[in-house]
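Sequential numbering from 1 applies to the sequence shown in this note's numbering. One structure below.
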Amino acid sequence: FGVCVVEFIVVRHGETDWNLAGRKQGHAGTNLNETGKKQAKEIAEKLGKEKIDAICSSDLPRALETAREINLFHNLEIQESGLLREIDLGKCNGMTSKEMREKFPEWGKLKDAEPETTPYPNGESHKDVQKRVQKFLKKITLGNNQIILVVSHQGFNRDLIQLLTGKPYAELKKMNFHHGIIYKFDTKTNKLNQIG
């Protein structure tokens, strides 16, 4: 990574009303709902005694609110970045999966056939997000033996973990990226553990 990052702690933001309604958020500036605020507090408490050297967060409100809650225990400068945003859903932003497939049936067929490389209408593909992940990893500027907390989104976190572990996309699709789930990836042992 250009630096000696020993461990990545990867967290998804807390719940929003759009999550609850099954609406895909992409780059939308949604905020945490009451459940999401509670989840952020629970994540913060779980990570309260962890050694964390840097907090990197998506610049979208739902992720930043979660990062700020965690940072109450660590008092670090949160490094916000658009590189850590969720996948850009383009014309599908705010829709449910059903609505997307009804409005863009041909796209739905392509997405089923090539889930990694098919972009959302006027949006990104997972390959595009992986390029952002690579840019983010190259930009990390820390000293040796650092532990980085990444607060982001389901799609970004999946693509980050895919690049870190080398696991196939199909396998990552089966992993649990629900709100409140915390993953730790050790770069020395190449081990991924779920801790929350």
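All C-beta atoms in this analysis are idealised placements derived from N, C-alpha and C, irrespective of residue type, glycine included.
Fill in: Complete runs of the alpha helix (DSSP H) confined to the region 123-190 [at least 4 residues]
126-139, 154-165 and 169-173
Worksheet item: Which class does Q25 belong to by DSSP, given the choice of helix, strand or coil?
Response: coil
Item to complete: Inspect the beta-carbon positions of D88 and E45 and report whether they are closer than 8 Å.
Response: no
Item to complete: Please go through the region 15-85 and give each complete alpha helix (DSSP H) segment of 4 or more residues, from N-terminal end onward.
Response: 17-21, 34-46 and 61-71
Worksheet item: Which whole-angstrom value is the C-beta distance of G26 and E86, which I expect to be below 8 Å?
Response: Sure, about 5 Å apart at Cβ, within 8 Å.
Worksheet item: Is it true that the region 101-117 meets the region 8-26, where meeting means three or more beta-carbon pairs spaced less than 8 Å apart?
Response: These segments do not touch.
Discussion item. Alpha carbons only, please: which of T189, I70 and T187 is nearest the one belonging to G48?
Written reply: I70
Worksheet item: When the Cα atoms are used, what is the spatial distance from E50 to Q130?
Response: 27 Å
Worksheet item: Whose C-beta lies closer than 8 Å to the C-beta of N31 among residues of the same chain, with five residues either side of it excluded?
Response: T16, P61, R62 and E65
Item to complete: Please state whether DSSP places E7 in a helix, a strand or coil.
Response: In the structure shown, the three-state DSSP call for E7 is strand.
Worksheet item: Excluding five sequence neighbours on each side, which residues of the same chain lie with their C-beta closer than 7 Å to the C-beta of G180?
Response: Q39, E42, I43 and G196
Worksheet entry | First through last residue of the alpha helix (DSSP H) which encompasses E114 | No residue range can be given for E114, since it is assigned to no alpha helix (DSSP H) and is classified by DSSP as neither H nor E.
Item to complete: Return yes when the Cβ of F136 is within less than 8 Å of the Cβ of S58, no when it is not.
Response: no
Item to complete: Look at G22 and T96 and say whether their C-beta atoms are less than 8 Å apart.
Response: With contacts defined by Cβ atoms closer than 8 Å, G22 and T96 form a contacting pair.
Practice prompt. Grab the span of the alpha helix (DSSP H) containing K98 for me, first residue to last.
Written response: S97 to K103
Worksheet item: Which whole-angstrom value is the C-beta distance of L84 and V150, which I expect to be below 8 Å?
Response: Rounded, the Cβ-Cβ distance is 7 Å, consistent with contact.
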